[in-house]
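Chemist:
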Amino acid sequence: MHLTREEEDILNGEHGASAAKAMEILAALGKIFNAEKLIPVTSAQISGVSYKTIGDAGLEFLENFAKDGRVRIPSYLNPSGMDLEEWESMGFPKEFARKQMKIIRAYQKMGVEATCTCTPYLIGILPKRGEHIAWSESSAVIFANSALGARTNRESGISALASAITGKTPYFGYHLDENRVAEVVVNVKAKLEDLSDFGALGIYAGAIAKQRVVAFEGIDTVTVDEVKTLGAALAASGAVALFFIKGITDEWRVVGRPERVEFGVGELKRTREELSSSKDAELIAVGCPHCSLEEIREIAEKVRGKKLKRKLWVCTARKIKIKVDKLGLTKIIEDAGGRIVSDTCMVVCPLEDIGFERTAVNSGKAAHYLPSFCKQKVLFGSLKDILK
Ligand code: F3S
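Numbering (the working numbering), first residue to last: 6 to 393.
1) If you draw a straight line from the C-alpha of residue 135 to the C-alpha of residue 153, how long is it?
2) Compute the distance between the beta-carbons of residue 309 and residue 289, then report whether it is under 9 angstroms.
3) Secondary structure at residue 44, three-state DSSP: helix, strand or coil?
4) Suppose you measure from the CA of residue 381 to the CA of residue 292; what does that come to, to the nearest Å?
5) Determine the contact status of residue 107 and residue 64, defining contact as a CB-CB distance below 9 angstroms.
6) With hydrogens ignored, establish whether the beta-carbon of residue 83 is closer than 8 angstroms to any heavy atom of the ligand F3S.
7) Counting beta carbon pairs with one atom in the segment 93-109 and one in the segment 363-380, are three or more of them shorter than 8 angstroms?
8) Report yes or no: do the segment 272-291 and the segment 159-176 share at least 3 C-beta pairs separated by less than 8 angstroms?
9) Can you list, in chain order, the residues of its chain whose CB lies under 6 angstroms from that of residue 177, leaving out five sequence neighbours each side?
10) If I follow the unbroken alpha helix (DSSP H) through residue 376, where does it start and stop?
11) Return yes when at least one heavy atom of the ligand F3S lies under 8 angstroms from the C-beta of residue 244, else no.
12) When every heavy atom of the ligand F3S is checked, does at least one fall within less than 8 angstroms of the C-beta of residue 157?
13) With DSSP run on the structure shown, which of helix, strand or coil describes residue 277?
14) Mind reading off the beta-carbon distance from residue 259 to residue 296? Whole number of angstroms is fine, and I expect it under 8 angstroms.
15) Taking 8 angstroms as the cut-off, is the beta-carbon of residue 295 closer than that to any non-hydrogen atom of the ligand F3S?
16) My output table needs one value for residue 385: the three-state DSSP class, helix, strand or coil.
17) Where does residue 105 fall in DSSP's three states?
18) Unbroken beta strand (DSSP E) runs of length 3 or more, entirely within the segment 139-164: which are they?
19) Is DSSP giving residue 175 helix, strand or coil here?
20) Helix or strand or just coil, what does DSSP make of residue 322?
21) Under three-state DSSP, which class holds residue 82?
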């Protein structure tokens with residue numbers, strides 16, 4: 006892989022030890038994937054923030070990196086393992102919180118903004134069509150590629166951090182036109198009535214597509230929340246990083262003889278059943294990916310004036326929570342007994358250590374991960390049903 010003079014200098018340690026290590030990581034990746042060169046990226050979104058997922062080894066790595074590593078481009082964090090302000094009242098262990106705060110401080114020292122959300126695109130971080138970025142949260146990657154037309158591979162937390170520090174990424178994969186081509190076409194025959202149906206569709210199609218690009222036919226109209234939910238599920242049951250929707254997404258490239266599958270009423274019913282393993286739950290958790298303002302408004306309307314018999318978490322970005330507070334929606338949800346949770350989510354927090362065994366969700370991605378990540382039995386359903 007060709008490195009410019011400046012990149013060679015970084016590799017040789019002229020910009021510090023962390024920058025050299027970052028360049029070494031990117032050069033190795035480029036070599037593995039046969040990239041001809043590195044290209045500049047305009048932003049990095051970094052996963053590997055929760056102490057639950059990265060542990061002491063991750064913390065040590067970050068603290069070492071933070072000694073002289075500084076980001077060169079706007080860089081943002083994925084959700085952490087707890088609400089950074091409300092962790093105590095939510096019952097998070099003190100030792101967990103102490104380590105989590107050290108992780109956040111290490112990133113902040115490097116200049117990464119502690120946005121702690123998987124939906125940066127809902128808080129104004131909106132790369133343009135054709136813009137090259139290095140994002141690592143799989144649901145944000147697929148949204149950026151598919152809905153925004155930006156270009157990113159499914160980076161790991163470490164490679165995204167390396168890109169943040171160097172401002173570069175290897176030129177391969179979804180940065181190239183030739184790889185933005187669908188090899189699986191899904192004909193959607195079932196009527197998708199609720200976000201949970203989009204999640205079920207994503208789980209079904211992702212398992213078939215694995216790492217391939219998916220093209221959907223038969224979806225007439227979608228909201229941003231539906232696209233976000235569908236993409237997150239596709240990227241959870243498979244390693245999908247890009248999808249098209251006929252007549253809706255700007256990009257639509259299907260060539261050759263793609264695999265064709267149908268998603269009818271039977272597939273929808275079966276997938277929904279497979280995602281459920283419980284008939285009840287102690288916790289109702291909404292916001293995977295993090296809730297938009299519109300979703301929170303809908304939840305507030307549904308619980309207004311009621312007294313909830315189960316705990317309710319509404320997970321969202323802190324910046325959205327600030328708006329929601331101002332609009333009075335937080336108060337409506339809290340009066341009913343629920344809470345708005347920021348900086349974290351039901352999957353990357355230690356749900357199992359704070360006493361939950363059964364969780365109800367309307368997200369295909371959360372339903373897919375909760376049994377293995379958080380030892381939860383899952384009740385999967387529409388927002389209306391899980392709130393009921
Ligand atoms: Fe976001 Fe957590 Fe789901 S990071 S996509 S809410 S698993």
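Using N, Cα and C, we set each Cβ at its ideal position, and we do this for glycine too.
Modeler: Let's see:
1) The residue given as residue 135 occupies position 130 in the sequence shown. The residue given as residue 153 occupies position 148 in the sequence shown. Each residue's Cα considered, the two are about 9 angstroms apart.
2) The count along the sequence shown starts at 1 and reaches residue 309 at position 304. The count along the sequence shown starts at 1 and reaches residue 289 at position 284. Cβ distance not < 9 angstroms, so residue 309 and residue 289 don't count as in contact.
3) Here residue 44 is taken as the residue at index 39 of the sequence shown, counted from 1. DSSP places residue 44 in strand when its eight states are reduced to three.
4) In the sequence shown, counting from the first residue as 1, residue 381 sits at position 376. In the sequence shown, counting from the first residue as 1, residue 292 sits at position 287. So the alpha carbons of these two residues sit roughly 17 angstroms apart.
5) Along the sequence shown, read from residue 1 onward, the residue named residue 107 stands at position 102. Along the sequence shown, read from residue 1 onward, the residue named residue 64 stands at position 59. Yes, Cβ-Cβ distance for residue 107 and residue 64 is below 9 angstroms.
6) Along the sequence shown, one-based indexing puts residue 83 at 78. Residue 83: yes, Cβ under 8 angstroms from the ligand F3S.
7) Contact fails between the segment 363-380 and the segment 93-109, because fewer than three Cβ pairs, one in each stretch, are under 8 angstroms apart.
8) no
9) As a first step, residue 177 is located in the sequence shown; it is residue number 172 there, counting from the start. Closer than 6 angstroms at the Cβ level, and outside the excluded window around residue 177, lie 38, 40.
10) The sequence position of residue 376 within the sequence shown is 371, counting from 1. From DSSP, the alpha helix (DSSP H) with residue 376 extends over 369-379.
11) Position 239 of the sequence shown, counted from the first residue, corresponds to residue 244. No, Cβ of residue 244 sits at least 8 angstroms from all heavy atoms of the ligand F3S.
12) Counting from 1 along the sequence shown, the entry for residue 157 is found at position 152. The answer is no for residue 157.
13) One-based indexing of the sequence shown puts residue 277 at position 272. In the structure shown, residue 277 sits in a helix (DSSP, three-state: H, G or I).
14) The count along the sequence shown starts at 1 and reaches residue 259 at position 254. The count along the sequence shown starts at 1 and reaches residue 296 at position 291. Going by Cβ atoms, the distance from residue 259 to residue 296 rounds to 33 angstroms, so no, they are not a contact pair.
15) Taking the sequence shown and counting its residues from 1, one reaches residue 295 at position 290. Yes, since a heavy atom of the ligand F3S falls inside the 8 angstroms radius drawn around the Cβ of residue 295.
16) The sequence position of residue 385 within the sequence shown is 380, counting from 1. Reduced to three states, the DSSP call for residue 385 is strand.
17) Translated into positions along the sequence shown, residue 105 becomes position 100. DSSP places residue 105 in helix when its eight states are reduced to three.
18) None, since the segment 139-164 contains no complete beta strand (DSSP E) of that length.
19) On the sequence shown, position 170 is the one that residue 175 refers to. For residue 175, the secondary structure class from DSSP, reduced to helix, strand or coil, is strand.
20) Working through the sequence shown from its first residue, we reach residue 322 at position 317. DSSP places residue 322 in coil when its eight states are reduced to three.
21) The residue labelled residue 82 in the question sits at position 77 within the sequence shown. Three-state result, residue 82: strand.
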